[in-house]
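Just below is one structure, and these are the notes that go with it.
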Amino acid sequence: MRKDNDSAQMILITGFVIALIIVVLTVMLNSVIYASNTASEANFETNVYDHSNTLKITTQAYQKAYVDNSIDNNYIKNYTRHMARSHALAGNVFKLSNGPLQEPYFTQNGLVCGNPDWIVADRMKGSVNLNLEINTSSLGNETNCFTIKAQNDSAVFWSARIFEDNGTYYINSTEEENILDEFNIVNLTVVGQVSDEQYRIRFLNGDLASGVFTISGEKTNGDLFELRRDYAVNANILFNKRNGLEMNVSIPIILPGRQI
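With the working numbering applied, the sequence shown covers 7 to 266.
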């Protein structure tokens with residue numbers, strides 16, 4: 007009888023040990039899976055940051071290299087060499103090339119396929135000056151044309167439409183209707199309805215006009231604002247990381263693109 011009791015106790019102890027081992031192994035396995043997932047997520051976030059940062063500093067490099075209506079190729083070569091050497095230390099590959107300067111459209115990124123309806127200047131007050139040099143070959147017709155609007159929190163209070171009709175090019179604004187001069191230069195001034203009232207300038211159908219523009223004025227906080235667009239250029243970036251992740255993209259860059 008005592009031997010049977012000892013055997014039963016051994017079975018119970020053995021079962022308890024086996025159960026404990028299973029629990030420990032389960033906890034260890036879950037820890038390994040969690041650590042693996044966490045490492046994977048961290049690696050993904052790092053890769054996203056690397057890509058985003060590369061796009062940002064490459065855009066800044068081209069804007070700094072833009073001098074006297076052209077790109078300083080030596081500056082871009084030095085930038086590319088520096089980036090390639092920096093990434094090579096981590097076993098990564100960086101390559102950069104670009105196409106020719108292009109006449110920009112009045113879309114958000116300067117390309118004909120870019121966002122055509124966008125806010126060009128926000129939180130403006132007082133007077134805003136717009137200077138545009140239009141390429142008339144890209145203009146739409148009267149019913150579907152490039153439009154500039156000034157809008158406050160209540161409604162649109164000023165607008166201008168630029169279009170072609172039977173070979174004649176028109177600029178019709180809230181104040182007056184005119185025909186473009188032989189140089190196709192448009193100078194417009196927007197004045198807020200109320201002193202210090204906040205408003206924004208929007209471009210609509212920006213894919214139906216191309217050329218050069220400058221917008222300048224004052225923001226509601228007193229800062230001066232100027233946005234100038236002369237050209238667009240496509241920069242081609244090839245970025246291979248040691249873990250096999252690759253970025254091969256073409257990004258449009260606005261020149262000069264800086265604001266004061």
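Where a beta carbon is used, it is the ideal one built from N, C-alpha and C, also for glycine.
For residue j and residue i, believed in contact at Cβ under 8 Å, the rounded distance
i	j	result
MET130	GLY223	5 Å
GLY269	PRO122	No answer is possible for residue 269: the residues shown for the chain start at 7 and end at 266.
LEU194	ALA166	6 Å
ARG248	ALA94	ARG248 to ALA94, Cβ: 10 Å. No contact.
Exposed unless 16 or more other CB atoms sit within 10 angstroms - verdict on residue i
i	result
LYS62	exposed
TYR40	With a pLDDT of 41 at TYR40, under the threshold of 50, the modelled position of this residue cannot be trusted; read the value that follows with caution. The residue is exposed, with fewer than 16 neighbouring Cβ atoms inside 10 Å.
VAL126	buried
SER42	Only weak support exists for where SER42 lies, its pLDDT of 42 falling under 50; the coordinates are left without a value.
PRO106	exposed
GLY116	buried
ASN104	buried
VAL196	buried
LYS155	buried
GLU51	Confidence in GLU51 is poor, its pLDDT being 39 and thus under 50, which makes the residue's placement unreliable; the coordinate value appears in the next sentence. GLU51 comes out exposed.
Cα-Cα separation between residue i and residue j, rounded to whole angstroms
i	j	result
VAL73	PHE169	32 Å
SER76	SER160	42 Å
GLY146	THR153	10 Å
ASP171	SER143	12 Å
ASN246	ASN98	6 Å
PHE112	PHE100	31 Å
LEU244	TYR85	14 Å
ASP149	VAL134	Residue identity differs from the one stated: residue 149 is Thr in this sequence, not Asp. Each residue's alpha carbon lies about 26 Å from the other.
ILE56	MET253	According to the sequence shown, residue 56 is Asp rather than Ile. Whole-angstrom Cα-Cα distance: 10 Å.
LYS70	TYR237	14 Å
SER179	VAL192	11 Å
LYS225	LEU210	22 Å
Fully enclosed by the segment 220–251, which beta strand (DSSP E) runs are 3 residues long or longer?
Restricting attention to beta strand (DSSP E) runs no shorter than 3 residues, the segment 220–251 encloses them at 230–246, ordered along the chain.
_As an exercise, report each continuous beta strand (DSSP E) stretch of at least 3 residues that is fully enclosed by the segment 152–216, in chain order._
Counting only runs of 3 or more, we get 152–157, 162–171, 174–179, 183–185, 191–197 and 205–210.
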